Every structure is written in C-alpha cells, then in structure tokens.
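Asks: Structure in structure tokens, see below.
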Amino acid sequence: MTMPCLQVERPVQLFTLRNLRDMRVTVSEHGAALVSWWAPDRYGRMADVLLGYPGDDGYARNDACLGAVVERTSRVNEALAGAAPRLHARHWRGELVDGGAGLRLRPAAADHADGAAAWSPGSALVEVCYRLADDGSLSIEVQALALAPAVLGLGSHACFNLNGGRADVRDHMLQIDADCYLEALGGAGDHAGDGGSGTGWREAAVSGTPFDFRRPAAIGPRLRWPHDQIGRAGGFDHCYRVGAAPGMGTGGEGGAGGVVGRPLRQVATIHDPGSGRSLQVLTTEAGLRFYSGNRLGGVAGRGAKPYAPHAGFCLEAGALRTHGGCVQAAGVLLRAGEVYRQATVYRLSLQA
Amino acid sequence: MTSKTHRIALLFNANKIFDREVITGIADYLSSTRTQWDLFLEEDFRLRLSGIEKWQGDGIIADFDDPTVAAALESCTAPLVAVGGSYEDAADYPAGVPYVATDNFKLIKLAYETLIEAGLRNFALFSLPEARENRWAQEREKAFAALMRRDRMAPAIFRGQCTRAPTWDEAVQEQIEWLRSLPKPVGIVAVTDARARQLLQACTLAGIAVPEQVALIGIDNDPLARVLTRIPMSSVIQGAQEMGRTAAHLLDQMLHGVRLAGTRILVPPSGINVLASSRHEAPKHPHVMRARHFIRQYACQGIRTDQVADYVGISRSSLESYFRQELGCSVHDEILRFRLDTATAILERGDCNLADVALKCGFTSSQYMHSVFKRELGCSPRGYQERMLKGRPKEQRQEQHCDDDAMLAG
Chain A
81 MTMPCLQVER
91 PVQLFTLRNL
101 RDMRVTVSEH
111 GAALVSWWAP
121 DRYGRMADVL
131 LGYPGDDGYA
141 RNDACLGAVV
151 ERTSRVNEAL
161 AGAAPRLHAR
171 HWRGELVDGG
181 AGLRLRPAAA
191 DHADGAAAWS
201 PGSALVEVCY
211 RLADDGSLSI
221 EVQALALAPA
231 VLGLGSHACF
241 NLNGGRADVR
251 DHMLQIDADC
261 YLEALGGAGD
271 HAGDGGSGTG
281 WREAAVSGTP
291 FDFRRPAAIG
301 PRLRWPHDQI
311 GRAGGFDHCY
321 RVGAAPGMGT
331 GGEGGAGGVV
341 GRPLRQVATI
351 HDPGSGRSLQ
361 VLTTEAGLRF
371 YSGNRLGGVA
381 GRGAKPYAPH
391 AGFCLEAGAL
401 RTHGGCVQAA
411 GVLLRAGEVY
421 RQATVYRLSL
431 QA
Chain B
22 MTSKTHRIAL
32 LFNANKIFDR
42 EVITGIADYL
52 SSTRTQWDLF
62 LEEDFRLRLS
72 GIEKWQGDGI
82 IADFDDPTVA
92 AALESCTAPL
102 VAVGGSYEDA
112 ADYPAGVPYV
122 ATDNFKLIKL
132 AYETLIEAGL
142 RNFALFSLPE
152 ARENRWAQER
162 EKAFAALMRR
172 DRMAPAIFRG
182 QCTRAPTWDE
192 AVQEQIEWLR
202 SLPKPVGIVA
212 VTDARARQLL
222 QACTLAGIAV
232 PEQVALIGID
242 NDPLARVLTR
252 IPMSSVIQGA
262 QEMGRTAAHL
272 LDQMLHGVRL
282 AGTRILVPPS
292 GINVLASSRH
302 EAPKHPHVMR
312 ARHFIRQYAC
322 QGIRTDQVAD
332 YVGISRSSLE
342 SYFRQELGCS
352 VHDEILRFRL
362 DTATAILERG
372 DCNLADVALK
382 CGFTSSQYMH
392 SVFKRELGCS
402 PRGYQERMLK
412 GRPKEQRQEQ
422 HCDDDAMLAG
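Going down the list, the protein sequences come from chains A and B. Under the working numbering, think of the first position of the first sequence as 81, with each following residue one higher. Under the working numbering, think of the first position of the second sequence as 22, with each following residue one higher.
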C-alpha cells in the first residue's frame, strides 16, 4: 500500500509528557503511538519500559502497531486468538492541554481520505487524550461521537517490557482479575458474527487452564502448559472478561451495551522481580486482551537485534458487547449522535 | 462434566517451607477447578516411602530433590509428575518423567543482579557441603560460577560445614575466617535463608557490619529465618506455588490420557524481598558505618546517642560532626528514621495495637510515635496504615496472613 499524499501543514511531531518522578512519556502523531516511557527501577535507574522503533519512520508504517491506538472490530475474526490489530488512523494531530500535563490527539483530516486505513473514521469523531500524573499513572481517555451508526473497538497496543529490554517478559509475574476468557473456536475460516450462533469464539472459564491468572504467576511457565489455545496462537493473545462477575447467564446490558461509562477499576497487575517495576492496569472496559508478544519475532526495534517472540507484552483494554450476560462481540455499537467514552490507566510503581 | 475421584499421593516433606508452598499451589489448583482428588499425605507431613511401590493410587506428585524418593519411584507405573531443582546438564533430569523445576540459575541471577545494582563489586557464594539431598546447592554453585565467568571474575564459593551441634563453634570460626578473607565490601548470596542466617550471625560475632561490609541475600524468603535475625534479611522468593499449580495441571492432563513424558517446565523466581541486609550504600566514614551498624541492631531497644558514641569509641560531639558531614543528619535522626521504618513495616502488615508497635520500635510512648509520624510522614500511624492497606491489592494481604500462619506452624 502506498501512502496517499498528506495535506498537512506541519511535519509530524513528537510530544513528551513529564512528571515529578522523572518519568517521561513520548507520543508520536503517527498512529497516536506511545513511543517511550522512561521510568526508574528499584535503584532509581531509568529505562524505557515500552517497545518501539528506532526512528519516527518506523511509526509511519508501524506494521506491528507498537504503542498505537488500534481498532479491533471489522469483518474478520478480530476476537480470535492470534489476530493482529490494525491502526485506528495513521496520522493524528496532537495538542498539549492542561498546561502541558496532557496531550489530546485527533485523526488528521487527511486520514479520512485514506481509504485503506480509514475503514470507519468517517463515521465517528474520535479523540484520544494522554495524561501523565505524578503518581506514575498514564491515563488514556478515548472519546468518540458517532456521526452515523458505527462499530468501534478502540484500544491501546502499548507493548511493555518492565525490565527495559534486558530480558524478555517470560519472568514477569502477571495477575488478571478474570474468571473467563474468550476461547477461539475452529479454524481460521470462522467468522465472528454479531450474535449468530456461528461466532468464532466462546466464553470459557479460566480455572484449570494456563489462562488462570487470578493469582500472580510467571508468564513463561504458562506458555509451556499443555493447552491447545496456547499452541494455536503461539502464546497468549486472548481477550479476558474482566471486572464484576456477571453471574453467568443473568443480567447484563442490552444489545448496544457499554456506551454508558462504567467506573474505572483495577483489572490486572504485572510485576518484574528483576527491576522491581510493577504495572497496574485500570479500565472502564469489560475486555482485557493479554498478548504475550508472539508475533514480535523479527520486528526491527530499538535494540541491537530485532525483537524475539515474547520481547514484550500488551494488556489492551477494550469494549465488549454483551447480551443476556454473554459476550456477543468486541467493540461498541453506536447510533448516530451517541457518545462513547473509554478510560484506561497504566500505573507504574515500584514494589519492594 | 463430572469425572471420577482420583487418589493422588503427594510425596513431600511438608515441614520445609518450599515443599509447603508447592503443596499450597497444588491445593490452589484443585480449589480453582472441579477436579476431585483424594490426597494421600503423611499425617505428620514427614516423608515415608515404605511400600509406596505397592500403593494402589491413580497418580503421584513427588519431590525428586530427594534421591531416595526418585529411587523408590523408579519402577512406579502410576502417572507421576516430578518436582525439584533445575539442572545445568540435561542428562541429570530423570528420564521419561514430566518434571517441574525451580530455575536455579535464575534464582542466583536475580540475587546476584540485585547485589550489583546495590553498588557492590565483589561477590561470593555461601553454599553447603556436597550431599545427595542437596544437589540443588551444587546447581546454584554452577550457576554462580557461570555468572562470575561471564563477568570475568573468579568465583568465590565457600561450602563450610553442615550444621551439627558438636562442630558448631568450629563451623562458625571457619565462616568468620572466610568472611575476613574476602575483599570488602562484598555481596554474598547464600543458597538458602538458613545458610544466610548463619552467616549473618557470624558477621555479628565478628563485628562485621551488614550491609556496609557484607551485603547478604538468601533464597526461600522463609519467615522463620526472618524473625530469627536482627537485621532484616533480603531473600529471593521461589515460584514454588506456581510449581505446585503446574505440577497439578500436568498430572490432571495425564489422568485424562495426555502423554507428557518429556515435558520439562522451569519456573522462575516469583520475586525478591529486598530488606536491610542487602541495602548496601556507598561507603561512609568507618565511624559512621560502625555507628549505623549499632543503630540498626539496637534502635528498637530505645538506645540513646551517647550509647552509640560509646560503642564507636569516640566522643558524642565528634560522632555528631561525622554524622552531619556524611549523612546530613544527627545521630538521633538516624535512630528515629530506623524506628520509623520498623514501625511502618509493622503497620503495613495489618491489624495491630499502636501501643505495642511503639514499644516494639523503641518509641517511649505511642504519643511520641504519633508526633514523629505527623512530623515525618504528615499523617498519624493509623492514617498511614489505612493508606497502605487501601492501596494494596487484596491478594498480597492474604499472602501476608499465610506467611504468618506458616510461621506459627513452623
């Protein structure tokens, strides 16, 4: 795909947010991507806890969607294990807000003409706001106003490695507050439907499987537990249903559910014993996709060598449509004029 | 889906913290699933093997660090999952048995890298005399030697004597001689917390300051070893619970007909508890180091500045001027800081009586402790406690309780 000529008035910019803990978060207008997040370890040494490309041209293409605002709904099996996300929009325009404490980005006007990438931006006005707080919280707030009926499955594909890349993430200790996850069904030909019986996934209980992270466990050994879902995706690339227990088969929102904001709550924690860094994930959303970096092999990142599989992980929050307490599809369905808000917070701290 | 109840034997010595944690992991797996197992465990948690080969059960999870267990199960035909330490040489693993291992290399590497990051440049390992029961200790030596070679240093490894009452004094003397022979400051990794505790005691006897001269890290994060030492001891936490969950999952799969003979899963450490024994800092004036060594040990017993000066052997005023110069605070400030640290650590653990905490930490009264909290932390002791407990996930608090339980039982 060749890129269309962009009618932009100024070159693409990088923005940096800072806090009192000497943290620095850099965001590119390419893909609204999180480029780097410098944070101290147990001994005060700074390192970048995000995977990324050596230069901004990497973000212009961003085939691996590193750090970018991504989209998870379309015709193909978005919720299936192993499916790669796509960029929501290639080019964004950013402006600092709140006296430099926050950064607001909107897809650049030129992007709407980009037929290949613009699969839906025309039908909703989307803006993303990054804020870095002094307690080490990076909040990502997404707001969308539907101009026409639209399906949106927005999330942040920030790819972390809490040890700053000294080793892969298999020794990270992960904990996810979820009793169920979405298990992929059948072969690659299955389609994820909107409510039909032939959906490409099924809600499955985590108990007795490698997906059970209700108590903290290292990722590496779980990759070795015998389980066909792990084998199929080459690791974890599955969506968990997080938050309040739905009480199987009862309650739940209506078909278009999830538009009304839920409260922000903690859904996952991941800790790297080596550096002492911990990452808490809080979100308003019902879905949390855990990706163990299975497709990172060969991606030319900032290190001396290309990334290897499991060089990083993503904990990507996103909307799930439920009906009668059961997950129907990824993303939210918006009627014209409806507003959707999503907030996800990544909080970096030190443990012992 | 209902399945029949299986009879499973757990062959562990559950008097050891590591084995207990593995069993906890197995129980955790069972309680999270609908798997029904009748567990066979010796009543007094001791390991007896007589007749195990004749036992009519459906499956076994066994501690293969004990060579007699491995030998007794040689001709066992029931589904079997082995749990033990990792080996550098793949040929050392038992053939044809699925094996869940604690990653000895990563345990040592985590301890070693923590010492490097604490600013140390000399390193040593305190191991155990070679025995059939502690092949893991030799594996940890190999890991340490490999890391030293990688970083172009000569590995300093001391095995010492095994712990026996008649030779105790001699063993301690040897440890002291070894400690004195090492270039200082030195970071020492001990192969277990029990070993680390002995060395800490030897340091105290020999008047060697921890962590200024010798920084120390153990393995196991054993609460018993922690309460027996005056200087809070750093320790690497093994992923033993996850090993238990993994072993249970493997056996569960085998009982459903999955063949896993060659499966080997290495579990990395689940964390490190960094406490005072490894918090090495840039060297200070010897008088200051000596004073802080004394303060660390006795701050909670209500010592005063002149007692510290007496211990160091200089006048109170010159000690004060050294403190001002090197640390920018008074001797009294340093004592208070240590008391405050101890108090916050107790409060973070949960429910407690404030008067007891004040007494335990060397404050003359709970009112005085209150005023120190207000001044230094801007909140009351209770306020501090509420803030800490609220900010922490539920999980951790529960584990803390488990620790306490294990301590009482042990």
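From the three backbone atoms N, C-alpha and C, an ideal C-beta is built for every residue, glycine too. Here the structure is a predicted model, which is why all the values come from computation and not from measurement.
According to the neighbour-count rule (16 or more other Cβ atoms, all chains shown, within 10 Å of its Cβ), is A/L254 buried or exposed?
Replies: Burial call: buried.
Asks: Could you compute how far the alpha carbon of A/L242 sits from the alpha carbon of A/D251?
Replies: If I take the Cα positions, the gap works out to 10 Å.
Asks: What number of angstroms, rounded off, separates the C-alpha of A/V115 from the C-alpha of A/R122?
Replies: Rounded to whole angstroms, A/V115 to A/R122 spans 23 Å at the Cα level.
Asks: Taking C-alpha atoms, which residue in B/D214, B/A186, B/A215, B/I229 lies nearest to B/E198?
Replies: Here the closest residue by C-alpha is B/I229.
Asks: Contact criterion: CB-CB distance below 9 Å. Does B/E134 meet it with respect to chain A?
Replies: Chain A contact via Cβ: present.
Asks: Tell me, to the nearest whole angstrom, how far the beta carbon of B/V212 is from that of B/I240; I am working on the premise that it is less than 8 Å.
Replies: That belief holds up - the Cβ atoms of B/V212 and B/I240 are roughly 6 Å apart, short of 8 Å.
Asks: Using a C-beta cutoff of 9 Å, does B/L131 count as contacting chain A?
Replies: It does; some Cβ of chain A falls within 9 Å.
Asks: Check whether the stretch 219-239 of chain A and the stretch 27-36 of chain B are in contact - that is, three or more C-beta pairs closer than 8 Å.
Replies: Judged by Cβ distances under 8 Å, the stretch 219-239 of chain A makes no contact with the stretch 27-36 of chain B, as fewer than three pairs qualify.
Asks: Do B/R216 and B/S299 come within 9 Å of each other at the CB atom, strictly closer than that value?
Replies: Contact: no.
Asks: May I ask you to verify whether the stretch 254-266 of chain B touches the stretch 278-288 of chain A, counting CB pairs closer than 8 Å and requiring at least 3?
Replies: Not touching, per the Cβ criterion.
Asks: Over the uninterrupted alpha helix (DSSP H) stretch that includes B/R55, give me the two end residues.
Replies: Premise fails: B/R55 is in no alpha helix (DSSP H) and is neither H nor E.
Asks: Determine, using beta carbons only, whether B/Q406 comes closer than 9 Å to chain A.
Replies: Cβ-Cβ to chain A under 9 Å: no for B/Q406.
Asks: Exposed or buried, what is B/V295 when buried is set at 16 or more other beta-carbons lying within 10 Å of its beta-carbon?
Replies: That one is buried.
Asks: Pair every Cβ in the stretch 203-211 of chain A with every Cβ in the stretch 167-186 of chain A, then say whether three or more of these pairs are closer than 8 Å.
Replies: A contact exists between the stretch 203-211 of chain A and the stretch 167-186 of chain A.
Asks: Relative to chain A, which residues along the stretch 273-285 of chain B have a C-beta separation below 9 Å, given in chain order?
Replies: For the stretch 273-285 of chain B, which is checked against every Cβ of chain A, the residues closer than 9 Å are D273, Q274, V279, L281, T284, R285.
Asks: Please check if any C-beta of chain A sits within less than 9 Å of the C-beta of B/A192.
Replies: Not one chain A Cβ lies under 9 Å of B/A192.
Asks: Check for me: the beta strand (DSSP E) holding A/T402 runs from which residue to which?
Replies: A/T402 -> beta strand (DSSP E) spans 400-403.
Asks: So what does DSSP say about B/Q234, is it helix, strand or coil?
Replies: Reduced to three states, the DSSP call for B/Q234 is coil.
Asks: Among residues of its own chain, excluding the 5 on either side of A/R104, which ones have a beta-carbon nearer than 8 Å to its beta-carbon?
Replies: Answer for A/R104: T96, L97, R98, S116, W117, W118, listed in chain order.
Asks: Are the C-beta atoms of B/R139 and some chain A residue less than 9 Å apart?
Replies: Note that residue 139 of chain B is Ala in the sequence shown here, rather than Arg. Closer than 9 Å to some Cβ of chain A, the Cβ of B/A139 qualifies, so yes.
Asks: By how many angstroms is the C-alpha of A/Q431 removed from the C-alpha of A/H351?
Replies: Between A/H351 and A/Q431, the C-alpha separation is close to 8 Å.
Asks: Measuring alpha carbon to alpha carbon, tell me which residue in A/L344, A/A204, A/A238, A/R302 is nearest A/G417.
Replies: The shortest Cα separation from A/G417 among A/L344, A/A204, A/A238, A/R302 belongs to A/A204.
Asks: At which residues does the beta strand (DSSP E) containing B/I29 begin and terminate?
Replies: Run containing B/I29: 27-32, per the beta strand (DSSP E) assignment.
Asks: 9 Å is my cut-off, CB to CB: does A/F291 come that close to chain B?
Replies: It does not; no Cβ of chain B falls within 9 Å.
Asks: So the alpha helix (DSSP H) B/S339 belongs to, where does it begin and stop?
Replies: Note, B/S339: alpha helix (DSSP H), 337-348.
Asks: Give me, in chain order, the residues of the same chain whose beta-carbon lies closer than 6 Å to that of B/V309; leave out the 5 immediate sequence neighbours on both sides.
Replies: Answer for B/V309: Y343, E347, listed in chain order.
Asks: Using CA coordinates, which residue listed in A/D102, A/L232, A/Y420, A/S358 is at the minimum distance from A/R152?
Replies: Among A/D102, A/L232, A/Y420, A/S358, the Cα nearest to that of A/R152 is on A/L232.
Asks: Run the CB neighbour count on A/G278, radius 10 Å, all protein chains shown included, and call it buried at 16 or more, exposed below.
Replies: Here the model assigns A/G278 a pLDDT of 44, short of 50, so the residue's position is not dependable, and the following value carries that caveat. Classification of A/G278: exposed, given that the 10 Å Cβ count is below 16.
Asks: Flag this pair as touching only if the stretch 387-398 of chain A and the stretch 359-372 of chain A have three or more C-beta atom pairs under 8 Å; answer yes or no.
Replies: Yes, they touch.
Asks: Check B/P244 in the structure and name its three-state DSSP category.
Replies: In this structure, B/P244 counts as helix in the three-state DSSP scheme.
Asks: Out of curiosity, what's the CA-to-CA distance linking A/S358 and A/R427?
Replies: Whole-angstrom Cα-Cα distance: 8 Å.
Asks: Taking the alpha-carbon positions, what's the B/P119 to B/D84 distance?
Replies: Their backbone Cα atoms lie some 12 Å apart in a straight line.
Asks: Which first and last residues belong to the beta strand (DSSP E) in which B/P88 is found?
Replies: Here B/P88 belongs to no beta strand (DSSP E); instead the alpha helix (DSSP H) covers 88-93.
Asks: Helix, strand or coil: which one does DSSP assign to A/G327?
Replies: Confidence at A/G327 is low in this model, with a pLDDT of 35, below 50, so its placement is unreliable and no value can be given for it.
Asks: With the cut-off set at 9 Å, would you say B/T123 and B/L245 are in Cβ contact?
Replies: The answer is no: Cβ separation not under 9 Å.
Asks: Which bits of chain A does B/G260 rub up against, with CB to CB less than 7 Å?
Replies: Here the neighbours are A298.
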